[in-house]
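Chains as they are written, first to last, in our numbering: chain A, 93 to 574; chain B, 13 to 315. Note that the Cβ used here is the ideal one computed from N, Cα and C, for glycine as well. Report on the structure given below.
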């Protein structure tokens with residue numbers, strides 16, 4: 093009790109001293125000042141003595157705590173310092189005031205909620221997986237009917253179609269993720285499309301403790317080819333995928349399969365991997381063999397240029413086999429393809445942020461080049477086609493919460509002269525291309541509003557498209573990809 | 013042809029992998045510069061320390077850059093604040109690094125926040141409260157007294173992972189503790205004029221510093237943690253500061269200076285940039301000069 097009083101007294105003296113000092117020191121001069129100096133010196137000495145006593149006390153307690161920690165091999169977290177910060181904490185912080193603890197005593201809070209009782213977790217749900225939910229909503233206005241839109245020369249899968257006009261709920265996603273045991277982690281992503289049909293978007297298990305930098309994954313997942321392919325829709329920089337992804341990979345390629353990756357123990361980033369898939373999704377289709385209908389290989393590398401900027405480069409290859417793959421709603425029964433589809437992708441990403449701190453301002457530039465060969469029977473007629481495409485995009489966050497983006501995407505005109513003029517395989521010498529502009533406003537890391545305008549020249553007649561979208565993510569804090 | 017290229021690439025990789033130097037016993041991946049500095053103090057030349065961030069980067073928001081993944085791949089130990097400070101980026105790096113030594117829960121994970129008493133534990137968890145951390149406020153490096161228990165635990169962990177050098181780590185820690193205690197005494201005397209002074213903060217990342225120095229936080233410029241203030245909110249803050257004047261408005265080196273300078277200019281209060289961590293200012297070159305500079309800047313603002 094006496095000790096506490098003494099401390100309060102000491103603190104009060106110091107406060108008075110420091111508050112009073114400038115007032116006293118300025119007008120009074122000569123001997124009075126000397127007397128003041130002596131008084132100050134005295135108080136300082138007292139203060140020093142008090143500190144020495146406190147520190148002595150602290151050291152004893154620390155030693156005691158250390159002794160206890162050594163006695164019990166598993167140290168209780170927080171135990172060691174409990175005494176240290178307890179004894180030395182300034183007197184004006186009331187001990188044990190945890191309910192209001194995010195407010196300092198006397199701190200003013202504007203428009204804040206009243207504190208709630210402490211959240212308690214019962215053991216029944218303590219092992220629940222992390223649940224994250226993504227919600228999306230769109231408003232789309234287009235100058236042409238999206239149902240009639242084509243990418244000339246490139247028949248589209250259903251997934252790659254344009255978004256419907258008007259107000260609509262876009263894909264909603266629920267992800268359940270947790271470690272299974274010390275060796276495996278698992279992830280399930282259910283998605284609910286605008287058609288109210290739930291589907292399993294991703295469901296995979298992955299190794300966590302293989303030696304040598306190896307990771308193995310199995311189940312249903314998005315392939316790691318390219319830069320954008322592995323990202324879920326809510327992580328795309330623009331509302332929609334660029335033309336080459338829509339035309340050549342059915343928006344993004346995901347399927348049932350296995351994946352192995354190896355991260356090289358090099359001083360720079362180098363990752364090599366490969367996948368084998370069932371081959372049931374565009375550009376593959378209708379697998380009828382025991383072996384994989386799609387195979388991929390990829391190499392990722394990257395590094396820092398300086399503290400402001402970094403880069404990532406990737407080379408990817410995917411080979412798919414299609415059996416009577418139907419695509420495009422243009423003709424009755426769609427356009428069919430029977431054969432092999434090989435595609436190489438070169439990707440380059442550059443990120444810049446002043447001082448490497450992306451919070452205030454940052455810039456992300458990315459581009460990918462697609463180089464493919466399709467050989468087989470197109471609507472029953474044998475042919476070989478070499479699709480080419482690319483896109484380049486930049487998104488600049490010019491001030492916290494606000495970003496601007498620009499994207500240009502193009503595909504080479506792809507003609508298959510032996511097919512009739514009306515076939516979607518026939519490009520008619522037209523080069524599909526589109527230019528998009530984006531404005532983004534983030535309410536936080538978890539809430540986002542975007543507006544995107546696209547002038548789309550993928551069909552013979554251009555289409556103007558305005559898309560407004562909100563995206564929210566709630567649940568545990570998911571870590572962000574590069 | 014394709015096979016030959018693959019074989020050549022494989023051989024080149026192998027050579028690179030073998031050529032990687034393994035001089036230091038322990039490879040340390042430190043998420044923040046203060047822990048990199050502490051790891052070097054304790055480990056000396058027995059450890060090789062990589063600091064994943066700099067003093068001018070916001071440790072909440074770091075991009076999972078390829079260079080970080082390759083450094084995490086070869087790490088024996090991560091020294092990262094914990095208490096969810098790095099939750100937005102570290103899990104991705106650990107997953108992609110495919111390094112089982114640093115998977116959450118293993119002995120290759122060292123979190124300084126496990127060894128000190130955390131303040132500001134939220135009563136309830138809801139994102140409407142802003143960027144709050146379930147375990148409590150993670151910015152423990154604000155109080156240099158926290159370095160003592162952390163250094164002790166870190167030396168023990170080094171000794172556990174590298175028993176051959178256990179004696180070195182313990183001796184270096186003991187020497188550090190003596191030197192640090194002397195510095196703590198010196199800082200306590202220097203900081204005496206700050207005790208009881210009212211201050212405003214930009215982000216509430218200074219609770220440990222406030223606790224150490226005994227300064228009194230009157231208000232935060234952020235309405236909620238991690239939520240940037242609107243101009244309307246800052247006007248309300250100015251009203252509060254009229255009634256309850258403060259001596260200074262502090263912010264971290266990595267934070268946008270505009271809100272504190274705006275309010276400081278209107279209220280006639282100095283806006284003080286504090287280094288926050290090693291490398292946050294030109295003067296804060298190591299752990300000692302970090303707190304020297306912090307005190308210097310605060311004492312200067314008091315005058």
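Helix, strand or coil at residue i [DSSP, three-state]
i, result
"residue 294 of chain A", "strand"
"residue 240 of chain A", "helix"
"residue 459 of chain A", "strand"
"residue 120 of chain A", "Any reading at residue 120 of chain A needs caution, since the residue's pLDDT is 40, under 50, leaving its predicted position unreliable; the model's value is listed next. Correct three-state label for residue 120 of chain A: coil."
"residue 354 of chain A", "strand"
"residue 155 of chain B", "coil"
"residue 225 of chain B", "helix"
"residue 253 of chain A", "coil"
"residue 212 of chain A", "Low local confidence applies: a pLDDT of 49 at residue 212 of chain A is under 50, so the model's placement there is unreliable, and no value is given."
"residue 126 of chain B", "helix"
"residue 65 of chain B", "coil"
"residue 388 of chain A", "strand"
"residue 481 of chain A", "strand"
"residue 181 of chain A", "Here residue 181 of chain A scores only 38 on pLDDT, less than 50, and its place in the model should not be relied on; the value that follows carries that caveat. Looking at residue 181 of chain A - three-state DSSP - the assignment turns out to be coil, as it is neither helix nor strand."
"residue 345 of chain A", "coil"
"residue 136 of chain B", "coil"
"residue 559 of chain A", "strand"
"residue 255 of chain B", "helix"
"residue 70 of chain B", "coil"
"residue 170 of chain B", "helix"
"residue 47 of chain B", "helix"
"residue 306 of chain B", "helix"
"residue 327 of chain A", "helix"
"residue 576 of chain A", "The structure shown does not extend to residue 576 of chain A, since chain A is modelled only from 93 to 574, so the question has no answer here."
"residue 394 of chain A", "strand"
"residue 311 of chain A", "strand"
"residue 301 of chain B", "helix"
"residue 487 of chain A", "strand"
Rounded distance between the beta-carbons of residue j and residue i, thought under 8 Å
i, j, result
"residue 144 of chain B", "residue 240 of chain B", "About 16 Å separates the two Cβ atoms, so there is no contact after all."
"residue 255 of chain A", "residue 230 of chain A", "6 Å"
"residue 115 of chain B", "residue 301 of chain A", "6 Å"
"residue 311 of chain A", "residue 506 of chain A", "Going by Cβ atoms, the distance from residue 311 of chain A to residue 506 of chain A rounds to 34 Å, so no, they are not a contact pair."
"residue 517 of chain A", "residue 427 of chain A", "6 Å"
Residue span of the alpha helix (DSSP H) that contains residue i, given as start and end
i, result
"residue 184 of chain B", "178-202"
"residue 316 of chain A", "Note, residue 316 of chain A: premise wrong, no alpha helix (DSSP H); not H, not E."
"residue 5 of chain B", "The requested residue 5 of chain B does not occur in the structure, where chain B is confined to residues 13 to 315."
"residue 278 of chain B", "270-279"
"residue 403 of chain A", "Premise fails: residue 403 of chain A lies in the beta strand (DSSP E), 401-419, not in any alpha helix (DSSP H)."
"residue 108 of chain B", "102-109"
Per DSSP, the bridge partner or partners of residue i
i, result
"residue 565 of chain A", "A:226"
"residue 527 of chain A", "A:500 and A:547"
"residue 236 of chain B", "B:239"
"residue 266 of chain A", "A:225 and A:282"
"residue 369 of chain A", "A:349 and A:386"
"residue 532 of chain A", "A:495 and A:542"
"residue 231 of chain B", "B:212"
"residue 363 of chain A", "A:355 and A:392"
"residue 475 of chain A", "A:468"
"residue 271 of chain A", "A:277"
"residue 232 of chain A", "A:258 and A:559"
Extent of the continuous beta strand (DSSP E) to which residue i belongs
i, result
"residue 211 of chain B", "210-213"
"residue 442 of chain A", "427-444"
"residue 261 of chain B", "260-264"
Q) For the 8 Å Cβ check, are there 3 or more pairs between the stretch 78-92 of chain B and the stretch 543-559 of chain A? A) no
(Q) Can you confirm whether the stretch 101-112 of chain B touches the stretch 349-364 of chain A when touching is taken to mean that 3 or more C-beta pairs between the two stretches lie within less than 8 Å? (A) By the Cβ rule, the stretch 349-364 of chain A counts as touching the stretch 101-112 of chain B, because three or more pairs are nearer than 8 Å.
Q. Three or more C-beta pairs closer than 8 Å, one from the stretch 525-537 of chain A and one from the stretch 257-271 of chain A: is that the case here?
A. no
Q | Stretch pair the stretch 181-192 of chain B + the stretch 125-135 of chain B: three plus CB contacts closer than 8 Å | A | no
Q: Could you say if the stretch 329-344 of chain A and the stretch 385-398 of chain A meet the contact criterion of at least three C-beta pairs nearer than 8 Å?
A: no
Q | Inter-stretch contact at 8 Å, needing at least 3 Cβ pairs: the stretch 470-480 of chain A / the stretch 436-445 of chain A | A | no
Q | Segment contact flag, the stretch 218-231 of chain B with the stretch 201-210 of chain B, C-beta cutoff 8 Å, min 3 pairs | A | yes
Q.
Using a Cβ distance threshold of 8 Å, determine whether the stretch 326-333 of chain A contacts the stretch 377-387 of chain A, with at least three qualifying pairs required.
A. no
Q | Three or more C-beta pairs below 8 Å linking the stretch 487-500 of chain A and the stretch 463-474 of chain A | A | no
**Q.** At least 3 beta-carbon pairs within less than 8 Å: the stretch 160-173 of chain B vs the stretch 304-313 of chain B
**A.** Contact between the stretch 160-173 of chain B and the stretch 304-313 of chain B is absent, because fewer than three Cβ pairs lie under 8 Å.
Q.
Taking contact to mean 3 or more Cβ pairs, one atom from each stretch, closer than 8 Å, check whether the stretch 293-308 of chain B and the stretch 195-205 of chain B are in contact.
A. yes
Q. Do the stretch 45-55 of chain B and the stretch 136-150 of chain B make contact, defined as three or more Cβ pairs closer than 8 Å?
A. The stretch 45-55 of chain B is not in contact with the stretch 136-150 of chain B.
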